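Engineer:
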Amino acid sequence: FVAYNPTPQTTPPRNRPYVIPGLIEDVPIFRVAVKLAEIPRTVTAGNESTVLHWHADSIEATIEDIHEVLVLDY
Numbered sequence: 016f017v018a019y020n021p022t023p024q025t026t027p028p029r030n031r032p033y034v035i036p037g038l039i040e041d042v043p044i045f046r047v048a049v050k051l052a053e054i055p056r057t058v059t060a061g062n063e064s065t066v067l068h069w070h071a072d073s074i075e076a077t078i079e080d081i082h083e084v085l086v087l088d089y
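Read left to right, the sequence shown gives residues 16 to 89 (my numbering).
1) Report the three-state DSSP secondary structure of Arg46 (helix, strand or coil).
2) Below 6 Å CB to CB, which residues in the same chain sit around His70 once its five sequence neighbours on both sides are set aside?
3) Confirm, please, whether the CB-CB distance from Ser64 to Glu83 is below 7 Å.
4) Got a sec? Which residues, its chain only, sit under 7 Å from Phe45 by beta carbon, not counting five neighbours each side?
5) Given this structure, state the Cα-to-Cα distance separating Leu87 from Ala60, to the nearest angstrom.
6) Assuming Ser73 and Val49 make a contact with CB atoms under 8 Å, what is their CB distance in whole Å?
Take a look at the structure:
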């Protein structure tokens, strides 16, 4: 998963530089719910800060980073 949250800009769009993105001051937090066709044996997250709630055929995760990988082992 990749989080995207447009950062606030103080410069009007017509005068804004095209190559310098705004700075992200806080790490984004987002939630995801995934419905699965089959029940996996294990589910793990790449980041230790990610909170997983695993139900039989669905996974809910609270991700506190810009990037995250969920590994489903069938």
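Glycine residues also receive a C-beta, built at the ideal position from the N, C-alpha and C atoms. Treat the numbers as computed from the prediction; the structure is a model and nothing was measured.
Structural biologist: Taking the definition as stated:
1) Numbered from its first residue, the sequence shown carries residue 46 at position 31. Residue state, collapsed to three classes: strand.
2) Taking the sequence shown and counting its residues from 1, the one referred to as residue 70 is at position 55. Same-chain partners within the cutoff: there are none.
3) Numbered from its first residue, the sequence shown carries residue 83 at position 68. Numbered from its first residue, the sequence shown carries residue 64 at position 49. Against a cut-off of 7 Å, the Cβ pair of Ser64 and Glu83 comes out as no contact.
4) Here the question's residue 45 lines up with position 30 in the sequence shown. Once the five neighbours on either side are set aside, the close Cβ partners of Phe45 are Ala18 and Ile78.
5) For the purposes of this step, residue 87 is identified with residue 72 of the sequence shown, where counting begins at 1. For the purposes of this step, residue 60 is identified with residue 45 of the sequence shown, where counting begins at 1. Distance between the alpha carbons of Leu87 and Ala60: 9 Å.
6) What you label residue 73 is simply residue 58 of the sequence shown in a count that begins at 1. What you label residue 49 is simply residue 34 of the sequence shown in a count that begins at 1. Right, their Cβ atoms sit about 6 Å apart.
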